[in-house]
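One structure is given below, encoded as structure tokens.
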Amino acid sequence: MLSSILLEITSGQGLAAVGAGVAAAGAGIGIGSIGNGALQAIARQPESIGDIRANMILAIAFIEGPALFAIVIGMLIGL
Numbered sequence: 247m248l249s250s251i252l253l254e255i256t257s258g259q260g261l262a263a264v265g266a267g268v269a270a271a272g273a274g275i276g277i278g279s280i281g282n283g284a285l286q287a288i289a290r291q292p293e294s295i296g297d298i299r300a301n302m303i304l305a306i307a308f309i310e311g312p313a314l315f316a317i318v319i320g321m322l323i324g325l
């Protein structure tokens, strides 16, 4: 069973799926880092919660866009 999984990964279809997974993981790490920074900033200056929240949502959107494109392209290559 392990050999068939490794054989599929070394083919073009498996590598595309691995690339899509890496793109999703990278986006998750980036969004988590943004959330962490925003919560720390809010804890230090609670009066600026509106500005911090707006900038956090904008940064998450900028990260999510290319990550979704990478996932879709990875899946299309795998077809």
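According to my numbering, numbering within the sequence shown proceeds without interruption in unit steps and concludes at 325.
No residue lacks a Cβ here, since even glycine has one placed at the ideal position from N, Cα and C.
These figures come from a predicted structure and were not determined experimentally.
Mind reading off the beta-carbon distance from residue i to residue j? Whole number of angstroms is fine, and I expect it under 8 Å.
{"i": "Ala273", "j": "Ile309", "result": "6 Å"}
{"i": "Ile323", "j": "Ala270", "result": "Actually they are not in contact, since the Cβ atoms of Ile323 and Ala270 sit about 15 Å apart, beyond 8 Å."}
Is DSSP giving residue i helix, strand or coil here?
{"i": "Gln291", "result": "coil"}
Find the nearest neighbour of residue i within the set the options, judged by alpha-carbon distance.
{"i": "Gly283", "options": "Val264, Met321 and Ile303", "result": "Ile303"}
{"i": "Gly311", "options": "Arg290, Ile277, Gly265 and Gln286", "result": "Ile277"}
{"i": "Asn301", "options": "Val268, Gly281, Ala263 and Phe315", "result": "Gly281"}
Report the rounded CA-to-CA distance for residue i versus residue j, giving the unit in angstroms.
{"i": "Leu261", "j": "Ala305", "result": "29 Å"}
{"i": "Ile295", "j": "Leu285", "result": "9 Å"}
{"i": "Ile353", "j": "Arg290", "result": "The chain is shown only over 247 to 325; residue 353 falls outside these bounds and no answer can be derived."}
{"i": "Ala307", "j": "Leu314", "result": "11 Å"}
{"i": "Ala266", "j": "Pro292", "result": "38 Å"}
{"i": "Val268", "j": "Ile275", "result": "10 Å"}
{"i": "Met321", "j": "Ile288", "result": "38 Å"}
{"i": "Ala263", "j": "Ser279", "result": "24 Å"}
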